[in-house]
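Okay, so here's the structure we're looking at.
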Amino acid sequence: MSDVSVKRARCPTCLRAQSACICRWITHVAPRAALLVLQHPLEVANAKNSARLLHLSVAGSRLAVGEAFDRAELDALLHADGRVPVLLYPDTPGDPSLPAPPPFEALEAQQLRLVLLDATWRKSRKMLYLNPALQALPRLALVDVAPSNYRIRKAHAPHQLSSLEAAALALGQLEGDDAVFQPLFEAFDGFVQQQAAYVPLGAPDLKSG
Numbered sequence: 002m003s004d005v006s007v008k009r010a011r012c013p014t015c016l017r018a019q020s021a022c023i024c025r026w027i028t029h030v031a032p033r034a035a036l037l038v039l040q041h042p043l044e045v046a047n048a049k050n051s052a053r054l055l056h057l058s059v060a061g062s063r064l065a066v067g068e069a070f071d072r073a074e075l076d077a078l079l080h081a082d083g084r085v086p087v088l089l090y091p092d093t094p095g096d097p098s099l100p101a102p103p104p105f106e107a108l109e110a111q112q113l114r115l116v117l118l119d120a121t122w123r124k125s126r127k128m129l130y131l132n133p134a135l136q137a138l139p140r141l142a143l144v145d146v147a148p149s150n151y152r153i154r155k156a157h158a159p160h161q162l163s164s165l166e167a168a169a170l171a172l173g174q175l176e177g178d179d180a181v182f183q184p185l186f187e188a189f190d191g192f193v194q195q196q197a198a199y200v201p202l203g204a205p206d207l208k209s210g
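Here it is as structure tokens:
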């Protein structure tokens, strides 16, 4: 097999080139809350994206790709197994284009499904606009978070987290136990180091979006 063929061969699990496979960073965690990742199509082929690693690491998680989802299909994803969906998204007070979300009712973690939009900030807002079912969900917002360690992508602010970091923190918040999800952060550090190794020497350090 030629070198070109080896480089182009893809891992069937992480869907990346064999030469850039991230499967060694998969770290299995089994939260009581369910996880649904809605990934914007532009993120699928982004080598710096962490959502695939998150999905492969979180037991029972679902990952669906799209921008404007079919209403029936999205409803089925949101409410599968009778769980109550909650959208991980910051508050947007005063935004006339979005209705105020219903209040988040504190429930046991095993009753909940955390919904994560894997996209840039601008694209995540568009996904919210295009999917009324997402607008109707109660929201969970992260507060007092530490700066992101996602130094391989640009960020508008140091507290703008990667999808994996945000989901790990939110799941810990829902379950009342951050320690359960610490292995995800450790795996994420390895993933970041691997991706940073592909950055040419002398290139500026980048943070996430």
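Everything in the sequence shown is counted per this note's numbering, starting at 2 for the first residue and increasing by one. Note that beta-carbon positions come from the ideal geometry of N, C-alpha and C, so glycine has one too. Every value quoted in this text rests on a predicted model; they were computed, and no experiment measured them.
Outcome for residue i when other beta-carbon atoms lying within 10 angstroms are tallied against a minimum of 16
i    : result
W26  : buried
V87  : buried
C15  : buried
H41  : buried
R114 : buried
R9   : exposed
E211 : Here the chain has residues from 2 to 210 only, and residue 211 is not among them.
S20  : exposed
S98  : exposed
Q111 : exposed
V193 : buried
D190 : exposed
A73  : exposed
A35  : buried
A120 : buried
Under the three-state DSSP convention, the category residue i falls into
i    : result
N150 : A caution first: N150 carries a pLDDT of 49, below 50, which makes its placement in the model unreliable, though a value can still be read off. Three-state result, N150: coil.
A193 : With the sequence shown as reference, residue 193 is identified as Val, and Ala is not the correct amino acid for it. Reduced to three states, the DSSP call for V193 is helix.
L162 : coil
A137 : coil
P13  : coil
L143 : coil
V38  : strand
K155 : Here K155 scores only 48 on pLDDT, less than 50, and its place in the model should not be relied on; the value that follows carries that caveat. Residue state, collapsed to three classes: coil.
P184 : helix
R33  : coil
R84  : coil
A198 : coil
A77  : helix
L54  : helix
A18  : strand
A65  : strand
Close-in-space but distant-in-sequence residues of the same chain around residue i (CB under 7 Å, 5 per side omitted)
i    : result
G173 : D179, V181, F182
V66  : Q40, P42, V45
For residue j and residue i, believed in contact at Cβ under 8 Å, the rounded distance
i    : j    : result
Y90  : L108 : About 18 Å separates the two Cβ atoms, so there is no contact after all.
C62  : V38  : According to the sequence as given, residue 62 is Ser; it is not Cys. With 8 Å as the limit, S62 and V38 qualify as a contact, their Cβ atoms being about 7 Å apart.
P102 : R140 : 5 Å
A134 : L75  : 5 Å
R33  : E176 : 6 Å
L79  : A168 : Not a contact, Cβ separation roughly 16 Å.
L143 : A171 : 6 Å
Cβ neighbours of residue i in the same chain (closer than 6 Å, five flanking residues each side left out)
i    : result
A31  : A60
V116 : L37, P86, L88
K127 : none
K124 : H41
H157 : In this prediction, H157 scores a pLDDT of 43, lower than 50, which makes its location untrustworthy; no coordinate-derived value is stated.
Own chain residues within Cβ distance below 8 Å of residue i, not counting five before or after
i   : result
T1  : Residue 1 falls outside the range modelled here, since the chain spans only 2 to 210, and no answer is possible.
A18 : K8, R9, A10, R11, C12
T93 : L99
E68 : H41, P42, K124, K127, M128, L131
C24 : C12, T14, C15, L57
message: Quick check on the DSSP output: what are the complete beta strand (DSSP E) runs of length 3 or more inside the segment 97-132, in order along the chain?
response: 113-119
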